[in-house]
Amino acid sequence: MKIFVTGGSGRMGSELLPRLIKHGWEVIAPSSQTVSITNVDSVTRAISTAQPDIVLHMAAYTDVAKAEQDHTACYAVNVVGSRNIARASAQIGARLVHISTDYVFDGEKGMYKETDAPNPSNYYSLTKAIAEEAARATTNSLIVRTSFKDAVWKYPMAFADQFTSADYTDVIASELKLLLLNLSSIQADVLHVVTERKSILELAKRRNPHVQAGTIVGAKVHIPPDVSLDSSRWQDLKRQFM
Ligand SMILES: NC(=O)c1ccc[n+]([C@@H]2O[C@H](COP(=O)([O-])OP(=O)(O)OC[C@H]3O[C@@H](n4cnc5c(N)ncnc54)[C@H](OP(=O)(O)O)[C@@H]3O)[C@@H](O)[C@H]2O)c1
Numbered sequence: 000m001k002i003f004v005t006g007g008s009g010r011m012g013s014e015l016l017p018r019l020i021k022h023g024w025e026v027i028a029p030s031s032q033t034v035s036i037t038n039v040d041s042v043t044r045a046i047s048t049a050q051p052d053i054v055l056h057m058a059a060y061t062d063v064a065k066a067e068q069d070h071t072a073c074y075a076v077n078v079v080g081s082r083n084i085a086r087a088s089a090q091i092g093a094r095l096v097h098i099s100t101d102y103v104f105d106g107e108k109g110m111y112k113e114t115d116a117p118n119p120s121n122y123y124s125l126t127k128a129i130a131e132e133a134a135r136a137t138t139n140s141l142i143v144r145t146s147f148k149d150a151v152w153k154y155p156m157a158f159a160d161q162f163t164s165a166d167y168t169d170v171i172a173s174e175l176k177l178l179l180l181n182l183s184s185i186q187a188d189v190l191h192v193v194t195e196r197k198s199i200l201e202l203a204k205r206r207n208p209h210v211q212a213g214t215i216v217g218a219k220v221h222i223p224p225d226v227s228l229d230s231s232r233w234q235d236l237k238r239q240f241m
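Numbering (numbering that gives the first Met the number 0), first residue to last: 0 to 241.
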């Protein structure tokens, strides 16, 4: 299989790409210096030259705080860039796997299903929600909502009253690899690829048993209490693949 990847140098890309290469896949993952996804001609040329079977779109402007200060830069990468990737993928008939986020939901209810309506609560999330529509508008696309943390929990505290279905980058990279290897059997247009619902504290303690419990009550910034995703659709599919 030949796969064209955006965001290959990022946190997830650095975990996932070596796994695909080890599996014998041909991976083409240009940096933003070589192919900026904001440049439609550059993206179209790169994807058309590569002629991949799959386009895995992970590149994004991911700094949530900076995005509030620089809407233009965030919009250019997350919305215009995603639109360019979706169009270029469709032009050569490649399957597009578009990586999105649990943050398209507001985090007030938790256990969001693929069919729930997004309700972004910051500018980054808004652009990711719009980007999903660019992917959805192309045939042969799969939107994957996921969430991951650095493989080591490096903070002294974690919230006991904030809930997530995120997992560590290595854990989610294994899930994404399984998804990509079985992509031809997946008919869904949106999938939640995460693990079970848990508190952030529980997740942190898996890698750092000394971490202390904190609370979101009284935090200086708004912390969404529960951005967990219902991943039962993915868990059912996984049972067929393993
Ligand atoms: N991190 C999370 O907690 C989280 C949670 C849910 C979903 N996600 C989604 O998962 C995906 C990967 O996130 P990540 O945390 O691994 O990303 P990251 O570490 O922040 O890396 C961002 C990546 O995007 C690339 N990029 C940025 N601007 C670009 C441009 N103009 N053209 C081409 N590439 C560009 C960067 O490439 P260069 O290094 O070459 O500049 C880099 O590889 C994103 O779509 C993100 O929204 C992340």
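From the three backbone atoms N, C-alpha and C, an ideal C-beta is built for every residue, glycine too.
query	result
Excluding the five sequence neighbours on either side, which residues of its own chain have a C-beta within less than 6 Å of the C-beta of S99, listed in chain order?	K127, E131, I142 and R144
Using C-beta distances below 6 Å, list every residue in its chain close to A58, excluding the 5 sequence neighbours before and after it, in chain order.	T5, G6 and I36
Quick one: what does DSSP say M156 is sitting in, helix, strand or coil?	strand
Do S120 and D105 have their C-beta atoms closer together than 7 Å?	yes
Mapping the DSSP letters down to three states, classify D188 as helix, strand or coil.	coil
Counting only runs that start and end within the segment 10–68, where is the beta strand (DSSP E) found for 3 or more residues in a row?	25–27 and 53–56
Taking 6 Å as the cut-off, is the CB of A172 close to at least one heavy atom of ligand 1?	no
Which class does H196 belong to by DSSP, given the choice of helix, strand or coil?	Looking at the sequence shown, residue 196 is not His but Arg. R196: coil per DSSP, three-state reduction.
Just mark V155 as buried or exposed, buried being the case when its beta carbon has 16 or more other beta carbons within 10 Å.	One point to set straight first is that residue 155 is Pro, not Val, in the sequence displayed. That one is exposed.
For a test of the three-state rule: what should DSSP assign to V143, helix, strand or coil?	strand
For L182, which residues in the same chain have their Cβ closer than 8 Å to its Cβ, ignoring the five residues on either side in sequence?	I53, R94, V96 and L141
Do you know whose CA, among E25, T71 and A87, lies nearest V34's CA?	A87
May I have the straight-line CA-CA distance separating E107 from T114, to the nearest angstrom?	16 Å
Would you kindly report the start and end of the unbroken alpha helix (DSSP H) that includes A97?	Correcting the residue identity first, residue 97 is His in this sequence and not Ala. No alpha helix (DSSP H) contains H97, which is instead part of the beta strand (DSSP E) from R94 to T100.
Could you give the distance in angstroms between the alpha-carbon of S41 and the alpha-carbon of K204?	44 Å
Note the first and the last residue of the continuous beta strand (DSSP E) segment covering V170.	From DSSP, V170 is part of no beta strand (DSSP E) but of the alpha helix (DSSP H) over T168 to L180.
As a quick exercise: from K148, S231 and Y123, pick the residue whose alpha carbon is nearest that of T61.	Y123
Below 8 Å CB to CB, which residues in the same chain sit around I2 once its five sequence neighbours on both sides are set aside?	L19, W24, E25, V26, I27, P51, D52, I53, V54, L55 and L179
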